[in-house]
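Down below is the structure, laid out as structure tokens.
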Amino acid sequence: MIVCLCAEDFENMICYILDVILIFYGIILTILYCRLRIKPAAKAPANNPKKQPAEGGIYAGLSSHTSDTYETIKIDKRPIV
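In our numbering, each number is its position in the sequence shown, counted from 1, plus 12.
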């Protein structure tokens with residue numbers, strides 16, 4: 013019994029193998045992503061104390077130097093000759 017694989021048959025077989033690998037890769041990544049998204053929600057602590065901001069916080073001494081943050085750009089339009 014002689015088995016002869018033509019070039020087209022061999023290329024098709026490689027394409028099918030790569031398709032199967034890609035499908036498994038997508039399924040595995042989807043499962044890992046879903047586990048990652050579901051896991052923190054299940055382990056949320058029951059009594060989570062809310063943080064209170066400190067007096068003034070880290071922005072207490074900051075103030076803006078100018079009232080206008082953005083300045084307009086003055087462009088002189090010259091006619092094209």
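Heads up, the beta-carbon is just placed ideally off N, CA and C, and yes, glycines get one too.
What's the C-alpha gap between residue i and residue j?
i: Lys89; j: Arg49; result: 55 Å
i: Leu74; j: Thr84; result: 25 Å
i: Ile33; j: Ile40; result: 11 Å
i: Ile87; j: Tyr71; result: 37 Å
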